[in-house]
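K.L.:
The structure's right below; bear with me while I get my questions together.
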């Protein structure tokens, strides 16, 4: 076993911050994920190694509410490379009050398959 | 927007909670759970929920709700429970004073000044951010030097931007979160500078807020000078020596118009001081029993007002306990007093609560003074728990069951974190 | 427009002169280069009304110090700014220093400074238990006081305005020219014509004098750094504490400000740069090391804010007040410590000079000396608070939670002239407390925008390019 087959990640699944090792064989197939404290950590290691994804949280404009911005999140993690684009697209989006927590403000953003949902009520 | 309005402000409340952030809301629910009747939460903002509304990022609720929520979701869920339980929430109201008879002077934006009486009080005022003066950064005093929390409010609630190019001093979680937030809003973040040799925020935030966006983190570095007369024009940054002093020969300038400060939180204890409860000089918060009661009868405290937490879940948990005990106090079911004092020992900065009882299980929160790998927490000679690593930035929690204390007959236990 | 007198500079000297001249039937305008008066040296000042015995009697500043000291009570009664005679102690650590105290006592008494006495250790411990026990004696001067110098500026100018004086802010004087019957001032605003020009331009007084063709002196700014401490230390020291100058320190003071916050400083270092108001690491070290010797319980950990100001010292170190070779151009220059103390006396002196120079000084019979009182809500008794807040609930809405400043007081400050966050801060104390505006800045910005009817992005910290936030749209990357 050589070190160049081992990649290191820090799990962002929870505040524990487990230090993960992902080991591949010669054909780039993951043989083992080590260092996790829960199954989510193991899954995170595999995902991060093959297709890193992030949940996006940002705000969109809202009209007719007591505040100028409505906080939103993606309904599921989007590919890491798309995070900036998702935020850029949402910067100019404007919705109208009232909005309820969980309302979809934009479906399938940037073809990621993730919806953008409000994370609070705002009127 | 969710705002509650006290139906009546006269007469006596069972429990009045000062502060309607996560601590205050949990405390109110705890008091209700234990049978307190008239409960009032007072908050100075236009809606209760505290800082959570502007913490739009995820990472909350893993302990409490068993799922990862954003700050607003966490706040709304709590607030819905509070309103469901018919707890009065009075917003736009400031607790200006509390006296020893548990009379509270309220300043309300709608109704002027009111004085109310409470059978028990829970202090849940949270914390404030340390500012430039606290670290005495040399240089000019232009606009554009602001706390990370102020920038967060401006961006996330009101939709304005703090500047175009930012430097962040301090690697506290709010600073890390704001590094990512500003980047996603199109503001360039030139770097995060941390005077300590280790980061002050959670490791997960270093990864997802800095590494993901190639924002450099400079450990053992600080901002040595601020330049610009009207608005920040640049900052001088430098590595620091062992005395934490900038090393002049190694300094360099960074052009920026914004300097965000994420240099720590201070428990907000003006009311506690006015009231005369004893404070712990390390935490800057009240000294509390295992029931989160302060040194003053019938006055409880929970959350960041007691000590600075990393996670809102623990704020809620601790404050729920404070509220429950306030409820027990007003219904006459107060548990027996503690019999064991905890004293912070080797590599332990503080522990909360300050006393425990050998009769009940307890969750102990503590912070270490310096990082350590492969270590153990020793709880006198009665309990030892192994840990793979500890950081000052990450609070350590430890559960102590009464069975461990069965054969302990002393009145003080030393808590130590030692190498294995 | 034609005026009788143009005052250049809206520091405490210019403001005091403006208010003094408002007593007469004169057309007066004051020009200030900052966006509000008092935003230069006067704001970054120790705020001490000196007891009267420190400077020598054979100097102009020595004479005006004691004369000025006597005038602050009636000014305060009329204008309501923060002022209190809390007294000062000059402390001695050695027998030689004690001998210096005796000399100060003698010369002070000769000047007529009342109440001077030497305190022995027993009295000192009783009155000021937190001073170093190495102090062997102290000279007590009850005539010393503290004032909020910016409030003095704001209320002096408010009173001057109410009595007909014009004020132009953001007006930087660029050219002075002498014509047949007076002066024309050109600058960053409309031209101003007047018979007389009073040069109260502080650290730029030599530049302004040069514009008038009488550049006979040079200002060499001397920087002072000051550090404000947390309110927790309120009452730790009750009087202004002066050490005697030593070989290593020119004397760092401990100042219990009018608002109860302890302030330590100032340093005294010459600087070539007239815009240098930086605080420095060596300056901070110097202040805290020096203060610890006198009050050992004070630490840099208690610091909540710091600032620096420039003293407008002239060569010769005395005030330069009087007419010049340029007819109608009057200097009020080189006003360094005790300039604040002397300000009311300087203003009267300027009125006398104008009369001597041929200005017809006719007193107005409609002069109103007082300004409407400022409500300091937090200091009122509860029943008074309840009454006020009952009439106007904005008194009940707290804007600044550190200093308990209400929305009504903030709005009043805006209507009395606050244009900026600093303008509010120095009028109401909102943002001056331990959180340094972390919580109230946004509220203050909202109120400024609302009351002034401007977008919130136009609100500045202290005018000019000191913007605080910007709109999102212009930050979009293509």
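Protein chains in written order, with my numbering: chain A, 1 to 123; chain B, 124 to 543; chain C, 544 to 1021.
Note that beta-carbon positions come from the ideal geometry of N, C-alpha and C, so glycine has one too.
Going by other Cβ atoms of all chains shown within 10 Å of its Cβ, with 16 needed for buried, is residue 123 of chain A buried or exposed?
P.N.:
The residue in question, residue 123 of chain A, is exposed, as its Cβ has fewer than 16 Cβ neighbours within 10 Å.
K.L.:
Looking only at its chain, what residues have a beta carbon closer than 6 angstroms to the beta carbon of residue 711 of chain C, apart from the 5 residues adjacent to it on each side?
P.N.:
So the list reads 574 and 732, once near-sequence residues are dropped.
K.L.:
Residue 263 of chain B versus chain C: which residues are under 7 angstroms apart at the beta carbon?
P.N.:
By Cβ distance, chain C contributes 820 and 821.
K.L.:
Quick check on the DSSP output: the beta strand (DSSP E) that includes residue 506 of chain B runs from which residue to which?
P.N.:
506 to 513 is the extent of the beta strand (DSSP E) around residue 506 of chain B.
K.L.:
Taking the Cβ atom as the reference point for each residue, do residue 227 of chain B and residue 240 of chain B lie within a distance shorter than 9 angstroms?
P.N.:
Against a cut-off of 9 angstroms, the Cβ pair of residue 240 of chain B and residue 227 of chain B comes out as a contact.
K.L.:
Can you give me, in chain order, the residues of the stretch 801 to 834 of chain C that have a beta carbon less than 7 angstroms from any beta carbon in chain B?
P.N.:
Cβ contacts with chain B come from 818, 820, 821, 822, 823, 824 and 827.
K.L.:
Go ahead and label residue 616 of chain C buried or exposed: buried means 16 or more other beta carbons lie within 10 angstroms of its beta carbon, across all protein chains shown.
P.N.:
Residue 616 of chain C comes out exposed.
K.L.:
Could you run through the stretch 573 to 600 of chain C and flag, in chain order, every residue whose CB is less than 9 angstroms away from some CB of chain B?
P.N.:
Those would be none; no residue qualifies.
K.L.:
DSSP three-state call for residue 217 of chain B: helix, strand or coil?
P.N.:
In this structure, residue 217 of chain B counts as strand in the three-state DSSP scheme.
K.L.:
Taking the straight line between their C-alpha atoms, what separation do you get for residue 641 of chain C and residue 961 of chain C?
P.N.:
In a straight line, the C-alpha of residue 641 of chain C is about 47 angstroms away from that of residue 961 of chain C.
K.L.:
By how many angstroms is the C-alpha of residue 778 of chain C removed from the C-alpha of residue 955 of chain C?
P.N.:
Taking the straight line from one Cα to the other gives about 30 angstroms.
K.L.:
Taking only beta-carbon atoms, is residue 277 of chain B less than 9 angstroms away from chain C?
P.N.:
Residue 277 of chain B counts as touching chain C.
K.L.:
Pull up the distance between the alpha-carbon of residue 389 of chain B and that of residue 715 of chain C, whole angstroms please.
P.N.:
Taking the straight line from one Cα to the other gives about 43 angstroms.
K.L.:
Might you give, ordered along the chain, the residues of its own chain that have their beta carbon closer than 8 angstroms to the beta carbon of residue 692 of chain C, omitting 5 neighbours on each side?
P.N.:
Around residue 692 of chain C: 555, 581, 585, 586, 588, 590 and 883.
K.L.:
Can you find the residues in the same chain that come closer than 6 angstroms, C-beta to C-beta, to residue 126 of chain B, ignoring five residues on each side of it along the sequence?
P.N.:
Residue placement at residue 126 of chain B cannot be trusted, given a pLDDT of 38 that sits under 50; the coordinates are not used to answer.
K.L.:
In angstroms with no decimal places, state the Cα-to-Cα distance between residue 524 of chain B and residue 149 of chain B.
P.N.:
Going from the Cα of residue 524 of chain B to the Cα of residue 149 of chain B covers about 24 angstroms.
K.L.:
Cα separation between residue 158 of chain B and residue 454 of chain B?
P.N.:
Cα to Cα, the separation comes out at about 7 angstroms.
K.L.:
Using 8 angstroms as the cut-off, can you tell me whether the stretch 163 to 177 of chain B makes contact with the stretch 469 to 486 of chain B, which would need three or more C-beta pairs spanning the two stretches below that distance?
P.N.:
Contact fails: fewer than three Cβ-Cβ distances are below 8 angstroms.
K.L.:
Any contact of the stretch 372 to 385 of chain B with the stretch 284 to 302 of chain B, i.e. 3+ C-beta pairs under 8 angstroms?
P.N.:
Yes, the stretch 372 to 385 of chain B is in contact with the stretch 284 to 302 of chain B.
K.L.:
Could you give the DSSP three-state label for residue 953 of chain C: helix, strand or coil?
P.N.:
Helix at residue 953 of chain C.
K.L.:
Using a Cβ cut-off of 9 angstroms (strictly closer), state whether residue 174 of chain B contacts chain A.
P.N.:
Residue 174 of chain B does not count as touching chain A.
K.L.:
With hydrogens ignored, establish whether the beta-carbon of residue 830 of chain C is closer than 8 angstroms to any heavy atom of the ligand HEM.
P.N.:
For the structure depicted, the ligand HEM is absent and the ligand set is empty, with no information on it obtainable.
K.L.:
To the nearest angstrom, how far is it from the Cα of residue 834 of chain C to the Cα of residue 795 of chain C?
P.N.:
Spanning the two alpha carbons is a distance of roughly 6 angstroms.
K.L.:
Have a look at A:92, A:48 and A:96 and flag the residue whose alpha-carbon is nearest the alpha-carbon of residue 67 of chain A.
P.N.:
Minimum Cα distance to residue 67 of chain A is reached at A:96.
K.L.:
Per DSSP, which residues does residue 943 of chain C bridge with? Please list them.
P.N.:
Residue 943 of chain C is bridged to C:948.
K.L.:
Under 9 angstroms between C-beta atoms, does residue 301 of chain B make it to chain C?
P.N.:
Chain C contact via Cβ: absent.
K.L.:
Provide the residue span of the beta strand (DSSP E) that contains residue 283 of chain B, from first to last.
P.N.:
Counting along the chain, residue 283 of chain B falls outside any beta strand (DSSP E), and DSSP gives it neither H nor E.
K.L.:
Mind listing which residues of the stretch 743 to 766 of chain C have their C-beta closer than 7 angstroms to chain B's C-betas, in chain order?
P.N.:
Here the close residues number zero.
K.L.:
Suppose contacts are defined by Cβ-Cβ distances below 9 angstroms. Is residue 594 of chain C in contact with residue 630 of chain C by that definition?
P.N.:
Yes.
K.L.:
Spell out the partners DSSP gives residue 87 of chain A in its beta bridges.
P.N.:
DSSP output for residue 87 of chain A lists no bridge partner at all.
K.L.:
Looking at the structure shown, is residue 470 of chain B part of a helix, part of a strand, or coil, going by DSSP?
P.N.:
Residue state, collapsed to three classes: coil.
K.L.:
At which residues does the alpha helix (DSSP H) containing residue 697 of chain C begin and terminate?
P.N.:
First-last of the alpha helix (DSSP H) with residue 697 of chain C: 692 to 705.
K.L.:
Are any of the Cβ atoms in chain F nearer than 9 angstroms to that of residue 847 of chain C?
P.N.:
In the structure shown, chain F cannot be found, because the protein chains are A, B and C.
K.L.:
Would you check if there are 3 or more beta carbon pairs closer than 8 angstroms linking the stretch 994 to 1014 of chain C to the stretch 262 to 280 of chain B?
P.N.:
Verdict: yes, contact present.
K.L.:
Could you list which residues in chain B have their beta carbon closer than 9 angstroms to that of residue 84 of chain A, in chain order?
P.N.:
Here the neighbours are 306, 307 and 336.
K.L.:
Return the Cβ separation of residue 484 of chain C and residue 675 of chain C in integer angstroms, given the expectation that the two are a contact with Cβ distance under 8 angstroms.
P.N.:
Nothing about residue 484 of chain C can be read from this structure; chain C reaches only from 544 to 1021.
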